[in-house]
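**Student:** Residue numbers (numbering that gives the first Met the number 0), protein chains in the order written: chain G, 0 to 435; chain X, 0 to 435; chain Y, 0 to 435; chain C, 0 to 435.
Glycine residues also receive a C-beta, built at the ideal position from the N, C-alpha and C atoms.
So that we are looking at the same thing, I have put the structure below in structure tokens.
4 protein chains.
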Amino acid sequence: MRLPALRTPVNVDADALTEFRRDLHRHPEPAWCEFYTTARIVEELRARDLDELHVGPDALEDADDEPRMSLPEQATRDEWKERAVDAGADADLVDRLDGGNTGAVAVVEQGEGPTVGLRVDIDGLPILESDEEDHVPAAEGFRSENEGYMHACGHDAHATLGLGVVDAVLDSDFSGTLKVFFQPAEERIAGGGPMARSGHLDDVDSLYAVHIGLDHPTGEIVAGVGGFLAASGFKVEFTGASAHAGAHPEEGDNAIQAMAEAITSIYAVPRHADGPTRVNAGVVDGGTASNIIAEQARMEGEVRGQSTELMEYMWEETGRVIDAAADMHDVDAERTRNSRAPSAESDAALAAVVADVADGVAGVDSIMDHDDLGGSEDATYLMNRVQEQGGRACYVGLGTDHPGGHHTPTFDVDEESLRIGVETLAGAIEALSNEE
Amino acid sequence: MRLPALRTPVNVDADALTEFRRDLHRHPEPAWCEFYTTARIVEELRARDLDELHVGPDALEDADDEPRMSLPEQATRDEWKERAVDAGADADLVDRLDGGNTGAVAVVEQGEGPTVGLRVDIDGLPILESDEEDHVPAAEGFRSENEGYMHACGHDAHATLGLGVVDAVLDSDFSGTLKVFFQPAEERIAGGGPMARSGHLDDVDSLYAVHIGLDHPTGEIVAGVGGFLAASGFKVEFTGASAHAGAHPEEGDNAIQAMAEAITSIYAVPRHADGPTRVNAGVVDGGTASNIIAEQARMEGEVRGQSTELMEYMWEETGRVIDAAADMHDVDAERTRNSRAPSAESDAALAAVVADVADGVAGVDSIMDHDDLGGSEDATYLMNRVQEQGGRACYVGLGTDHPGGHHTPTFDVDEESLRIGVETLAGAIEALSNEE
Amino acid sequence: MRLPALRTPVNVDADALTEFRRDLHRHPEPAWCEFYTTARIVEELRARDLDELHVGPDALEDADDEPRMSLPEQATRDEWKERAVDAGADADLVDRLDGGNTGAVAVVEQGEGPTVGLRVDIDGLPILESDEEDHVPAAEGFRSENEGYMHACGHDAHATLGLGVVDAVLDSDFSGTLKVFFQPAEERIAGGGPMARSGHLDDVDSLYAVHIGLDHPTGEIVAGVGGFLAASGFKVEFTGASAHAGAHPEEGDNAIQAMAEAITSIYAVPRHADGPTRVNAGVVDGGTASNIIAEQARMEGEVRGQSTELMEYMWEETGRVIDAAADMHDVDAERTRNSRAPSAESDAALAAVVADVADGVAGVDSIMDHDDLGGSEDATYLMNRVQEQGGRACYVGLGTDHPGGHHTPTFDVDEESLRIGVETLAGAIEALSNEE
Amino acid sequence: MRLPALRTPVNVDADALTEFRRDLHRHPEPAWCEFYTTARIVEELRARDLDELHVGPDALEDADDEPRMSLPEQATRDEWKERAVDAGADADLVDRLDGGNTGAVAVVEQGEGPTVGLRVDIDGLPILESDEEDHVPAAEGFRSENEGYMHACGHDAHATLGLGVVDAVLDSDFSGTLKVFFQPAEERIAGGGPMARSGHLDDVDSLYAVHIGLDHPTGEIVAGVGGFLAASGFKVEFTGASAHAGAHPEEGDNAIQAMAEAITSIYAVPRHADGPTRVNAGVVDGGTASNIIAEQARMEGEVRGQSTELMEYMWEETGRVIDAAADMHDVDAERTRNSRAPSAESDAALAAVVADVADGVAGVDSIMDHDDLGGSEDATYLMNRVQEQGGRACYVGLGTDHPGGHHTPTFDVDEESLRIGVETLAGAIEALSNEE
């Protein structure tokens, strides 16, 4: 599957894009388990004989330097590895990807010029895909083969865009270096940090990231997305001492009571004058029997902020609250951060290039200069990395008609938007090599 | 297996007691699922050609009048029914016992005299029995065959005592009527009420109940146990509305926050001048994801009081607290009571009879007139019923060396205490027919 | 004291302004007790033979239609009335002003043209004024004669600006109608509503309001102030039942416990996606003795929001929380709103006029187009009223060097800024009559 | 005023008792300010030429060794000193009593025999005494002259009993040593400890304490009172940092929020299996304005327990809770103990002596062997001291018809009970010298 040559205006083999996207759609894999997905991407990239291809551990910060957040247990990873090999992935490659080392970075060197990056993410979600007849993947036979998992946020399309842009740029008049970042573990907001710290971002002058859908229809382009809330997810493990609630209430150190105290109080952390903040305790469980004072309780939650500073304010404050709630009941509380993403803003100049190019792409009938995401995602790590080094970054919204909302069983993309996305992104990248 | 004739002093076939107890020990069944256990008891009782034998629905209040508390789902009951039939229970009988109708009442009419009752309970626990070599049931081949369930509180011994006392009284000089109550669902504090309201207690002049172990060694008898805390267990289901915690925190009605508020506050219900009270939230769970405001949360808890009034005080107060906590977060809270036991005290006169008789039983080397249980159990329903009608009731403690504590995987009884128990209880019952 | 004729450019008798301001400064009066202040303003206005002068009840919504918020007790008002009369105020006039009827509206009709309003506020604060030598009012003999009360927010200057603008406009080329609103009870955010609903605002085409200081130095003008948080203040009275905490803890309905529950929970009302919100419990007291369960507890607090809707969201949510906290402890909670101000924004066109005019005023060396207040004030009621009727409104910041911060004992204004203020405001008003 | 000689049966000059009681009743003084009261007692005792009389600092543990709890400020003490001197107290003596050194110990040595103690307390309460006509002190002219203070718990009668017993024993056949302890500061539970540690208790073989009233009528004697709850009172000062609640909510460390958290949580300290416990937050205040995050908040509360251990359990647990609540909000909490009393039980043998003697006292028509107080008082310190040294102690209830309850404005005693009290106590003391 080789995408045809790109000339200005870009021509794209939409069928090839669709075929690749459907392959990935049939094989959704959760964060840090994108074994088949990475293997397929690598297979395609190797066929293109690129200048550089960094796979797995070479595409990320060394896992020994900082443990991966939200890495599943070995047993879980082994299951996914086996499934990937069964589906045709190379076993040796899959082994290399284990331990939080999925993903890849493709490099195209094509003459003098700027280094331009494109970031796409590749992981799926633990959602059971619809098997209703009006759900296209079910009707047309590319519904998820990993029951209980689904590409319900369009990352199958994102990976396809990454590959399509490589092809389009290869055959374009682009002069400079293109790096495409196939990032793992976005859904757990866990893969962005390690890829940002891989070193591969450090010479990037301009970085694009892209997301499909976001409630924008096919034919609409959001040239620059901003308003990302910085976010951190966490788990807290409360450990006290059990006792018989009837016979010796005074002997227990009540983990459930401590957790309840923490929950009621983290929501009461003061608002901040500098901007919006968020906090949530989203999942709880604890205890073993109604007549036993609970020894163990667990909570999963998150904090957010309009800026990274505001998010860290919430992190610090909720940390103190949790510790104090535990102390109050002589219970131990251990909090671990299992995800983290900073905030970010798109550079207007890069967005302007997108808007200009999109204006000439067939099928584009609406261009928004800017929109706010209002959520969190870890492309911001890569954007921040580039911007901190003096480069520019821009997050592009690619409209697509999607029947169900993101993260629901009936989510799907309009495959027509794949072509639009490749033409727009490749066009913008090419245009950057002509900037003064 | 017929136990030999009882003469004063009572002679008991200890081997037969042991054999029967081990049969039950191999087949522990949880509350309302005592299909095999009831079938075996009924089989033995039928072999004795008693004057009356009330089985299942005939032994309990009509389940249509008041729903059984803590009744498992039909699917669960079906599993246990199948298991019982596989183990040799009569399928028709098992069908009759379904729907919260396990247990039996045996009646021996033997001349003029008082009506004396004996209550024993028969259910097991969801505990995985030890398979260590020093655990006698494992070593001697009568470990639980229902993996994950265990007679870890000695109710196998209790049922055996009930049968042994029938035999002993049948062949004794006892003059009057004996009723033995084989009560189901004690571990969920759910079976005592329905049996107490069956009508069979209403003509009982004197009622004994018995418990083995309780940290008293073989050879020790506690003539009258008291200090039962009245107790009620409950579940609460909190139902709110979910929302994305980052994008629309104001749209959620947070079920976890409401539950946390309820938990911190139920422990703060005021102490009561009239005596000890207790409260516990022992099990919690709720929510689906760290970034979703929880729509659902569940909690299991209990309240206790030295008296039934004190327990109901706690029930009312915690109910108001839970409702208010739900209101506070615009959440719905539904509480259901899944167990209930009143408090009770042993009558000193009945205890004195036990103490007198025990003094002459071989192997008894220590007699305590009174001890407090400090826990809850639903024999109190039957005791209250008799006492309210002008009768007397007494809860007897039968010491046994038990290696592990009650409700632990290594609990076991010293089978020598079975004989001591039968001789003491049958002797006391016989003595009552000679009271002036 | 008649201010001299105003010609373009405006000439102002700065000495007269200073004299009047110092008179008011010596007689600070709290909200709804501005008897002397109103009497002095009225006395000056009467001397000018204006077209209309609405005093007290005629300047405000009928107090019978909606009770004044934060109205002091009659005894307190009587003290202030006596003090005002002693200081020279007309006794009959003072009587008319009683009952929440302080303030006045002055009307100048001067030919065809737009109706332009100016709102100034007139009340003082319960703060003990500094008597240090470096505090100018102390050094120069015009320190507060009402010990414990002080013009610590510059409303003495505001009233002076109102009078100065009347004079300047009277003698200017302004063609149209000028209304100057001398508003009472701003410090309690209680007077703005009644004046906004008086009817006098309903034909105003353009409204200016002004505040001195706000951390801007003499010579700086903020042409349009915005970012007012909507705010509501409240009191809650919790009434339970007392009991001896040792002898009968169960008999109490604990008002302090209910209040504490309410406090911990109001801070936990969810953040809102639409913008910033605020909540505070600022003052509490309750109970009588450590061994008595408290029958009474009181709390004063407030809620705010970036918009009026957001403020009302907080009002509703905290109301439900407070009621539920009271229910939780079987306590009665009665909340009364004692202040309310909506949010508002300044119209850019009116601000532009101010900026233009200020550019030509002697002593002005810095002009800011816009700044956010970040606090609350009830000029917003008047601004909203005008804007709702299709008019325009603008809040002007008048810089002044102030040694101490607002609401502190060493606050003072640089009287040079009085002249700058009159020239800027009167100039802008005149300019409006020349608008196309 | 010399009470006449006591012979068996005891004869008492009831008029003299009444006169002395009314003198004290007119001069009620709060804890540690019993300057006039102590001076009058000392004056009377000096007139009797006793063997030893320990006054003020000599009657108590050195105040330098352990600071007095609940000692009023110097300014307050100075007021009471002046008032005492104005009422006729000796100025030098009053000076000696200052600094928490009120009270006295009288010693009568009268031959060989046991050392017997009697403890009476002497302080009044901050209660405004009724001036209704049906209130005897008002009608008969001995209502409190210290407006706002009142002997509303009968300590005026107690001091009178102490003096009456000295006289009665002096002229009786008692052989041994009598010590009468006039203890200060009972109402704050603050004087018992220092007197218990004075050394004067260490050779006491038998100690009586006495309380009048307690809802028992004239003519009823409770020979042995028990069931004292151990108690500790405390104050907590929360100190945070203020901030403007609208402008900078994140900058405050909210003392009110921390206090509220502490309050909701101290009530939730687990019940204890060993017996009743109590906790209360009885008085709170904090904050300065509704729009300011509170820097300061204060709370007064108490803990109790059936035993001293249970009270200290509550002390420790609530302390941890308060510290954690403060930590949760980055606030400092300082708790000071301002009262402390252990629990105690009356020795049955001493009570039996009282019951025997009371049986022969004119006017006694009902004798209860035992009753529970259910409250706290610091006579328990002295009782414990004696019991710890191997002696015996007994708290005697002396019935009196009292129209209003203890600690209410209409409390009064039936003076007839003074004679009954002296005869009963002196009779019991004499009887002890005849014990075998």
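Use the C-beta contact count for R45(C): other C-beta atoms within 10 angstroms, 16 or more gives buried, fewer gives exposed.
**Tutor:** Exposed, because fewer than 16 other Cβ atoms sit within 10 Å of the Cβ of R45(C).
**Student:** Kindly list the residues whose CB is nearer than 7 Å to the CB of D413(X), restricted to its own chain and excluding five residues on each side of it in sequence; keep chain order.
**Tutor:** T217, T399 and D400, listed in sequence order.
**Student:** Could you please give the first and the last residue of the uninterrupted alpha helix (DSSP H) stretch that includes H199(Y)?
**Tutor:** It is not in any alpha helix (DSSP H) - H199(Y) carries neither H nor E in the DSSP assignment.
**Student:** Quick check on V320(Y) - is its C-beta less than 7 Å from some C-beta in chain X?
**Tutor:** So, interface residue.
**Student:** By the 10 Å Cβ neighbour count, where 16 or more other Cβ atoms means buried, how is T335(C) classified, buried or exposed?
**Tutor:** The residue is exposed, with fewer than 16 neighbouring Cβ atoms inside 10 Å.
**Student:** So V224(C) packs on L372(C), CB below 8 Å; how close in whole Å?
**Tutor:** With 8 Å as the limit, V224(C) and L372(C) qualify as a contact, their Cβ atoms being about 5 Å apart.
**Student:** With 8 Å as the C-beta to C-beta threshold (strictly closer), list the residues of the region 321–332 of chain G near chain X in chain order.
**Tutor:** Taking 8 Å as the Cβ-Cβ cut-off against chain X, none of the residues of the region 321–332 of chain G qualify.
**Student:** Using the Cβ count rule (16 or more neighbours within 10 Å means buried), how would you classify P8(Y)?
**Tutor:** Its pLDDT being 48, under 50, P8(Y) is placed unreliably by the model, and nothing is read from it.
**Student:** Determine the DSSP secondary structure at M149(C), reduced to helix, strand or coil.
**Tutor:** Strand, per DSSP.
**Student:** Can you give me the start and stop residues for the beta strand (DSSP E) that G223(G) sits inside?
**Tutor:** E219 to G225 is the extent of the beta strand (DSSP E) around G223(G).
**Student:** Whole-angstrom Cβ separation of N100(X) and G55(X), contact assumed at under 8 Å?
**Tutor:** The pair is a contact, with the Cβ atoms about 4 Å apart (cut-off 8 Å).
**Student:** Give the C-beta separation of P125(C) and H24(C) to the nearest angstrom, bearing in mind that I take them to be a contact with Cβ-Cβ under 8 Å.
**Tutor:** Contact flag wrong, Cβ pair sits at about 16 Å.
**Student:** I'd like to know if the region 70–79 of chain C and the region 23–40 of chain C are in contact, where contact means that at least 3 CB-CB pairs between them fall below 8 Å.
**Tutor:** As far as the Cβ criterion goes, the region 70–79 of chain C touches the region 23–40 of chain C, which means the pair count is three or higher.
**Student:** Considering L372(Y), what are the terminal residues of the beta strand (DSSP E) in which it resides?
**Tutor:** That residue, L372(Y), is in no beta strand (DSSP E); it is neither H nor E in DSSP.
**Student:** Could you tell me the alpha carbon to alpha carbon distance between L96(Y) and R196(Y), rounded to whole angstroms?
**Tutor:** Distance between the alpha carbons of L96(Y) and R196(Y): 18 Å.
**Student:** Give the straight-line distance between the Cα atoms of D377(C) and S264(G), rounded to the nearest whole angstrom.
**Tutor:** Roughly 39 Å between the two C-alpha positions.
**Student:** So if I threshold CB-CB distances at 7 Å, which residues from the region 351–376 of chain G count as touching chain X?
**Tutor:** Residues passing the 7 Å Cβ filter: G373, G374 and S375.
**Student:** Going by DSSP, what residues sit across from A340(X) in a beta bridge?
**Tutor:** Partner(s): A230(X).
**Student:** What's the C-alpha gap between A184(X) and Q256(X)?
**Tutor:** Rounded to whole angstroms, A184(X) to Q256(X) spans 34 Å at the Cα level.
**Student:** Excluding sequence positions up to five away, which residues of its chain have a Cβ less than 6 Å from the Cβ of L162(Y)?
**Tutor:** The answer, listed in chain order, is E43.
**Student:** Counting only runs that start and end within the region 88–163 of chain G, where is the beta strand (DSSP E) found for 3 or more residues in a row?
**Tutor:** Those beta strand (DSSP E) runs which fall completely within the region 88–163 of chain G and span 3+ residues are 103–109 and 114–120.
**Student:** Quick one: Cα of V209(X) to Cα of H157(X), how far?
**Tutor:** Approximately 7 Å, taken between the alpha carbons.
**Student:** Please list, in chain order, all residues of the same chain as D94(G) whose beta carbon is under 7 Å from its beta carbon, the five residues on each side excluded.
**Tutor:** Closer than 7 Å at the Cβ level, and outside the excluded window around D94(G), lies no residue.
**Student:** Going by the DSSP bridge assignment, what does Y35(G) pair with across the sheet?
**Tutor:** DSSP, once it has assigned bridges, lists no residue as partnering Y35(G).
**Student:** Excluding the five sequence neighbours on either side, which residues of its own chain have a C-beta within less than 7 Å of the C-beta of M258(Y), listed in chain order?
**Tutor:** Excluding sequence neighbours, M258(Y) sits near F237, V283, G285, A296 and M298.
**Student:** Anything in the region 278–306 of chain C with a Cβ closer than 9 Å to a Cβ of chain Y? List those residues in chain order, please.
**Tutor:** Those would be V278, N279, A280, G281, V282, V283, D284, G285, G286, T287, A288, S289, N290, I291, I292, A293, A296, M298, E299, G300, E301 and R303, in chain order.
**Student:** Skipping 5 residues on each side, what residues in its chain have a beta carbon closer than 8 Å to that of E301(X)?
**Tutor:** Around E301(X): A230, S231, G232, F233, R277, V278, N279, G281 and S338.
**Student:** Taking the CB atoms as reference points, tell me whether L417(C) and T159(C) lie closer together than 7 Å.
**Tutor:** Yes.
**Student:** Comparing alpha-carbon positions, which option in G374(X), D355(X), G359(X) and T379(X) lies nearest D368(X)?
**Tutor:** Taking only the C-alpha atoms, the option nearest D368(X) is D355(X).
**Student:** What residue from P341(Y), A222(Y) and A332(Y) has the CA that sits closest to V363(Y)'s CA?
**Tutor:** For V363(Y), the nearest C-alpha among the options comes from A222(Y).
**Student:** I'd like the ranges of any beta strand (DSSP E) spanning at least 3 consecutive residues and lying wholly in the region 291–345 of chain Y.
**Tutor:** Counting whole runs of 3 or more residues, the region 291–345 of chain Y contains the beta strand (DSSP E) stretches 295–304 and 331–340.
**Student:** Which first and last residues belong to the beta strand (DSSP E) in which E445(Y) is found?
**Tutor:** Only positions 0 to 435 of chain Y appear in this structure, which leaves residue 445(Y) out of reach.
**Student:** Where do the N-terminal and C-terminal ends of the alpha helix (DSSP H) with T399(C) fall, by residue?
**Tutor:** Here T399(C) belongs to no alpha helix (DSSP H), and DSSP marks it neither H nor E.
**Student:** Please list the terminal residues of the continuous alpha helix (DSSP H) segment that includes R418(C).
**Tutor:** Element bounds for R418(C): E415 to L431.
**Student:** With a cut-off of 8 Å on the beta carbons, I'd call G453(X) and T379(X) a contact; round off their distance for me.
**Tutor:** The structure shown does not extend to residue 453(X), since chain X is modelled only from 0 to 435, so the question has no answer here.
**Student:** Put A280(X) into one of helix, strand or coil per three-state DSSP.
**Tutor:** Correct three-state label for A280(X): strand.
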